[in-house]
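For the sequence shown, the working numbering begins at 27 and goes up steadily by one.
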Amino acid sequence: MKKKLISILFLVLAAVLFCGSFAFADDTDLSGEALSEEESFSGSGNLRPGATPIPIYPMDMPTPTPIPELTFEYQAFMTTYMGLQFEGPIGWDVTADSGEMYILTESDAEAKEGYNATAQIIITPVNSTLKGSALRTELRDTITTLKASVFKENNFNYAIAERTLLDTAGYYANITGELNDGTYVYSYILMTCIDNKVIRIQLMARTEYRNSYGKIMARMRNTLSWITQ
């Protein structure tokens, strides 16, 4: 009887360790590539972005309502103040255009559950051309500022990986969290530094549509270029 009890306990422990080893195995970026995590996550014990909790029993598994995949048509956008051009979704409005910030905002007609997704390009002058750990720290500071300004303290997580922008080494972050108004959003930030200027592109949309809107971020990244005279 004692041996049988020990065997049962061993099997339970093995099952727990097996489940734990796969609970966070599906962290990916917007292109489907594995996201090599370099930062710890902040929040109140929440799962990492993209992670799927494993129920104890199959009956605990909820049946989610399928979210239809969204498709977008694209057009060229240009900001002469920044000297940049890229492709973004047709029908989105230019709501800011200066040498420091360029914002595209989803129209009210296309907003999901009343939330207008946004795509931004932000340029910030710095004292030197940041690279490596200095640029990664700049991204972490940007995330901290973003969290303090629009997110609730809890339900906030992020991961960072290396990515290029404008053919220059940079860093990329996946962010998930709850805004102060209760909306759950997923945000993508990609940052690099060229000629003493931090160049950042960012997209924020409702969490349920992260895969669809992630395609917009990928399109922006892949088409972003300097305007040639």
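Glycine included, every Cβ here is placed at the ideal spot set by N, Cα and C.
Contact check, residue i vs residue j, beta carbons under 9 angstroms
i      : j      : result
LYS173 : TYR235 : no
SER238 : GLU95  : yes
ALA143 : ALA231 : yes
ILE225 : GLN111 : no
ASN181 : GLU204 : yes
ASN222 : THR155 : yes
ASN183 : THR202 : yes
First and last residue of the uninterrupted beta strand (DSSP E) at residue i
i      : result
ASN200 : 194-205
Residue burial classification, residue i (beta-carbon count within 10 angstroms, cutoff 16)
i      : result
ILE116 : exposed
GLY114 : buried
VAL152 : exposed
THR170 : exposed
LEU211 : It is Val, not Leu, that sits at residue 211 in the sequence shown. VAL211 should be labelled buried.
ASN206 : exposed
ALA185 : buried
GLU179 : exposed
Residue range of the unbroken alpha helix (DSSP H) whose run includes residue i
i      : result
ASP167 : 158-176
SER238 : 236-249
Residues near residue i by beta carbon distance below 6 angstroms, same chain, minus five either side
i      : result
ILE227 : ILE147, LEU216, MET246
Close beta carbons around residue i, own chain, < 7 angstroms, minus the five adjacent residues each side
i      : result
SER124 : TYR107
Flag this pair as touching only if the segment 97-105 and the segment 180-200 have three or more C-beta atom pairs under 8 angstroms; answer yes or no.
no
Take every Cβ of the segment 186-193, pair it with every Cβ of the segment 211-220, and state whether three or more of those distances are shorter than 8 angstroms.
yes
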